[in-house]
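> Protein chains in written order, with my numbering: chain A, 1 to 295; chain B, 296 to 722; chain C, 723 to 1026.
No residue lacks a Cβ here, since even glycine has one placed at the ideal position from N, Cα and C.
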Amino acid sequence: MLRWKRWRFAMLAILPTLAIFAWVRMYPIVETLRLSLHQWDILSKNKPFIGLQNFRELFQDQLFLEALINTSAIAFGVLFITIPTALVISALIYHRTRSRFAGFYETTVFIPHIVSLVPAAMAWKWIFDANLGPLNGLLQSVGLPAQPWLFDPVLSVIAIIILCSWQALGYAVLIYLVGFKNLPVSLFEAAKLDGAGGIARFWYISVPMLKPITLYVSVVTLISAFNVYAQAFVLASDSQGAPGRQVRVLVLDMLENAFRNYRIGYAAAEAVILLAIVLLLTLVQFGLLREKGRR
Amino acid sequence: MKVGTMKPLALAASLASATMLAAAPAHAETLTVWSGFPEMAPFYERVAEALKQDYPDLEVNVEAIALREHEKRIALGLTSGAGGVKVIELAGSTAQRYIENDLLPPVPDDLADFVTDPENFGEFFVESASDDGTVYGVPLFRGQGALFYNVDMLEAAGLDGPPATMAEYTDYAEKLTQRDDNGNPTVSGWSLRLSGGGQGIAEKFWINLFQFGGDLLEQTDDGKWRAAYANEAGRQALKQYLQNVHTLNTVSEQMPADAEAFQREQTAMFIRESWVIGDTAAKAPDLNYATAPLPEGSIALAVNLYVSDADSEAAWAFTREANEPEHLVWMLENVGWLPNRANVDYSPVTEAIPQFSAFVDYPADYEFFTLPAIGPIEEILTRFAAQLTRAFGDASLAEDDAAIDAYLAAAAEETNRILEREGLLAQ
Amino acid sequence: MTQSTDIDPQDASTPDRYAPRTGPLGLSRRTRARLTDLAIDAFLFAFGLLMILPLVFLVSNAFKTPQEMVAWPPRIIPEDPTLENFRSVLGDTPLLLWIWNSFSFAVLSMIAIVATSAIAGYVLAKFPFRSLHLLFLVILATAIVPFEVYMIPLYFQAQALGILNSIWGLLLGYLVMSFGIFLIRQNVMHAIPDELLEAARIDGAGEMWIFVFIVLPLLRGALGALAVLAFFQAWTSFAWPIIVATTRDAYTIEVGLALFQTGFTVDLGRLSAASAAVLVPSVTLFVILRRNFVQGVASTGMKE
């Protein structure tokens, strides 16, 4: 009887959330899968089932492939910059926890992560500007040639990597700091008694012990970088007067196919591929974690 | 104690009521004007003001944003049917797919009579506003290109008058380019559209291609289409871009471009529509510049006004009011777009502002082309633009005709694939 | 949440025990440690400044005249500060309306997420029914699906409801947060002992009473952290608002700014002014709520 009452409460209490969840999360996810198998154009009345045709077309679509390559380059570029930097910075901040400036360090590193994307990207747009940006000014004042940061196909991707890393760093540092705080102090004490210096302790104790955290942060960073969009949108606005190179990323290509070419089904197929990438990354994370657990 | 059990229900109820609130219809006497040209906003506001005499309670919101975003909101807004009555400014070619899918209604009979009256509009404009003989839009203005050149710079370079052939364009560009001590261009001789997102690159390329006797797409007798740029004309047009960028170095991707650059004297000449005249009058009134017709002909993109709700009398009245001579003359003088209506005396403006001459006094054999009214035209242009951007960045193509041909052939194949998918490809 | 007690970092208190010993440079070990710390402080300080430098410049550019904008080297304090940029931005755009849209959207989203997460997290943590466990697995599985994957169908749902171009349309995408449910569940499991709930039940308390008067107060910290997270998530959202809001009056500040800048790319002063107007309040808010925020974000790392 009591159990029944509790069950009833649990169900009633969770029902509104569940309903919302099913409505704005589960249904659209399933719908994405369904749309990806249809030729579903916004404007046409006929929306036939076409099986895997959208996917077949995607892999011959130069723009999509370009987007896939750019996005992967951005995601892994961000990863390779962010993770080592975050490890070192968080180790240093942790080392100076007692410092009166610890709060300042944490805050300044974290602020880029919370500020709105568009204003932040605009600040960087000015920095990268070919003609009046300080980055080129700096390069020239040390005798290096100015670079067309936002125009060159490679440099414009690098510009986005820098911008995204700048934003992602704060989050990684924060998670690492939690990790550092949870490391057993006794281990460090012992190492110290054995005469291990700070760098040795960092390299031989902290880094291996923080491996699960590294794995977690890596996957989170990768996944969020695969969804990059606003940064590309702002850095290369296509207005007249100040042209910039459009760095085609997956979400941008998807939205263009959906809302410019009106091909919803095709865009949904791209979304499914994005989902597949994310799933794959998550599976890799779980796989690596489990492997580590066995050892 | 029992009071607490109401909580989740109350939450659900408030969420539900919130949704209801949002679904309430907009005020009936509100008209929204959607424009893809921010500079047109004062014009529509002026028309709205005049319309208030007949419709005192009417409220008109003019929302003029960048063209690409404008086209997106139409795709999304029209299919959702939300947001009240709209007057929509749209190129005839872009409107086609909405008309085909019954998303834009035909104009009422009396207005159709006004549009089809040959006194008012030439055949080209009536056609661009119609589908299968039914009139859907009310013509307003057109985008037509011409060369803009900085008179002082031409004089300083010892050049007498504007270039007349495409070969001369390159020649002029070389002479007009100003360079620093290292030979890097500081002022481009001829500003070309080399980067940016969207279809603008392809449209500008088409204009140049047309001067070489080519077209991006051609229609066959059966009414279908195919890519028409993988040929001699295409090679010449692309090669001219490549030579200017890579061989002669008269312009580069990262140099300031377009009207902004022209007004700041960062480029000596460029091809653009007539709105640059109005824009320059506002932003750089002292600039000493002139215009000239293009060697062979120009794009003429007819822009019409459409209405989202056939029953809105006020909306149709707005499209009619916009074509009142007084407003059209004001538009030409202050905005610079070319009105399409014929029986209006524009001479006070065209005489006072000599730069309009290239747009109204062109040679008798001057030809015009327009974007075909087919559904996937934007996708075709956007994808071709992406191909072009890649080509422009490839220095190795500049002197290699065979490579250019191969490049164009591959791009044309992509264009034809899109046409085929939509069932529009000519055999 | 795994509340980590603040363990002393390994260095601060320990050096004394090993002092005095002299290092290779003739400095005592203690002095050397001090110098190292000083160097680290200097480095971190410089690094922190470098991180916020772009934003500092953004704010400073907002007050610059067009002439000064292109000056090299750029100055942080403008020589001839002007409010002209702000004046013209406020005159040309409904900036305040956009900020209001963003703000109300973020607040509503925060309320919805906190409410749904609190109740669902509690139920999933303390009611061991098999059906609920299954539900939990589903929530967990969908948590990793990025928003961008399903936003197109969601757009059509908003369209069917007729709530495009409204705060409610924006809200549709931000009503629930899988991670929020997860976060509260973890907190309930760690912070609320079963005995407490049982004791209340024996005293005759209803389930709802227990939730409101026992569970919620104990979750204050976690809910606060979640609230801040949810607020900033909505405030900084971009891809969803840019497809849902297509009229000028419906833009959020992010969308408004992004579209504004496509029209005025060359006018960096005005762009910076508009950006600064948005940046300063949100950074201030963050600095005030930093504790909550850091706690919230840190707990995202505690998934395993």
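Tell me whether Phe565(B) sits in a helix, a strand or coil according to DSSP, three-state version.
The answer is strand: DSSP assigns Phe565(B) an E or B state.
> Identify every residue that forms a DSSP beta bridge with Asp759(C).
Its beta-bridge partners do not exist; DSSP assigns none.
> Measuring only the C-alpha atoms, how far is Ile1010(C) from Leu235(A)?
30 Å
> The alpha helix (DSSP H) with Thr325(B) in it runs from where to where?
Taken as a continuous stretch (DSSP letters only), Thr325(B) belongs to no alpha helix (DSSP H), being part of the beta strand (DSSP E) at 325 to 330.
> What would DSSP say about Phe507(B), mapped onto helix, strand or coil?
coil
> By the three-class DSSP mapping on this structure, what secondary structure does Val1009(C) have?
helix
> Would a C-beta distance cut-off of 8 Å place Val24(A) and Leu894(C) closer than the cut-off?
yes
> Please say whether Trp520(B) and Pro667(B) have beta carbons closer to each other than 8 Å?
Yes.
> If I'm right that Ala681(B) touches Leu174(A) with Cβ under 8 Å, what's the distance once you round it to whole angstroms?
Not really, about 39 Å apart at Cβ, beyond 8 Å.
> Among Val910(C), Phe954(C), Glu929(C), Ala961(C), whose alpha-carbon lies nearest the alpha-carbon of Leu941(C)?
Val910(C)
> For Phe55(A), which option in Leu280(A), Leu274(A), Leu281(A), Val278(A) has the closest C-alpha, if you only look at C-alpha atoms?
Leu274(A)
> Go ahead and pull the three-state DSSP assignment for Gln147(A).
coil
> Exposed or buried, which one is Trp820(C) when buried takes at least 16 other CB atoms within 10 Å?
buried
> Kindly indicate which three-state DSSP category Tyr601(B) falls into: helix, strand or coil?
strand
> Using only CA atoms, which one of Pro403(B), Ile594(B), Val546(B), Pro588(B) lies nearest to Gly495(B)?
Ile594(B)
> Excluding the 5 residues preceding and the 5 following Ala693(B) in the sequence, name in chain order all residues of the same chain whose CB lies nearer than 7 Å to its CB.
Leu537, Gln538, His541, Thr542
> Are the beta-carbon atoms belonging to Tyr584(B) and Gln650(B) less than 8 Å from one another?
yes
> Below 8 Å, can you find three or more Cβ-Cβ pairs linking the region 388 to 404 of chain B to the region 429 to 442 of chain B?
Three or more Cβ pairs closer than 8 Å define a contact, and the region 388 to 404 of chain B meets that threshold against the region 429 to 442 of chain B.
> What are the complete alpha helix (DSSP H) segments, minimum 4 residues, inside the region 8 to 72 of chain A?
List check, alpha helix (DSSP H) in window: 27 to 35, 53 to 58.
> Leu281(A) by DSSP, collapsed to three states: which one?
Leu281(A): helix per DSSP, three-state reduction.
> Between the C-alpha atoms of Ser36(A) and Pro16(A), what's the straight-line distance to the nearest angstrom?
Linking Ser36(A) to Pro16(A) through their CA atoms gives a straight-line distance of about 29 Å.
> At 8 Å on the CB atoms, spell out the chain A contacts of Ala1020(C), in chain order.
Leu174, Ile175, Leu177, Val178
> Taking Cβ positions, are Gly331(B) and Leu371(B) nearer each other than 8 Å?
8 Å or more divides the Cβ of Gly331(B) from the Cβ of Leu371(B).
> Can you list, in chain order, the residues of its chain with a C-beta nearer than 7 Å to that of Glu725(B)? Leave out the 5 residues immediately preceding and following it.
Residue 725(B) lies beyond the range of chain B shown here (296 to 722); nothing can be said about it.
> State the beta-bridge partners of Ala522(B) as determined by DSSP.
Leu512(B)
> Relative to the C-alpha of Gly508(B), which residue among Ala532(B), Arg341(B), Asp581(B) is closest?
Ala532(B)
> By how many angstroms is the C-alpha of Ala653(B) removed from the C-alpha of Ala587(B)?
Take the alpha-carbon of Ala587(B) and the one of Ala653(B): they are about 5 Å apart.
> If the cut is a Cβ gap below 8 Å, which residues of chain C does Thr214(A) touch?
The premise fails here: Thr214(A) is roughly 11 Å from chain C at the closest Cβ pair, so nothing lies under 8 Å.
> Does the region 659 to 678 of chain B touch the region 255 to 263 of chain A, meaning 3 or more C-beta pairs lie closer than 8 Å?
yes
> Does the region 789 to 805 of chain C touch the region 127 to 140 of chain A, meaning 3 or more C-beta pairs lie closer than 8 Å?
yes
> Counting Cβ pairs closer than 8 Å, one from the region 153 to 173 of chain A and one from the region 187 to 199 of chain A, do we hit at least three?
no
> For Ile648(B), name the three-state secondary structure that DSSP assigns.
For Ile648(B), the secondary structure class from DSSP, reduced to helix, strand or coil, is coil.
> Strictly under 8 Å for the Cβ-Cβ distance: is Asn539(B) near chain A by that measure?
no
> Please specify which runs of the alpha helix (DSSP H), each continuous and at least 4 residues long, are wholly inside the region 610 to 681 of chain B, giving them in chain order.
Along the length of the region 610 to 681 of chain B, whole alpha helix (DSSP H) runs at least 4 residues long occupy 620 to 629, 642 to 647, 652 to 655, reported in chain order.
> Quick check on the burial criterion: 16 or more other C-beta atoms within 10 angstroms. Buried or exposed for Val937(C)?
Per the 10 Å Cβ criterion, buried.
> Can you list, in chain order, the residues of the region 525 to 550 of chain B whose Cβ is nearer than 7 Å to any Cβ on chain C?
Correct list: empty, as no residue qualifies.
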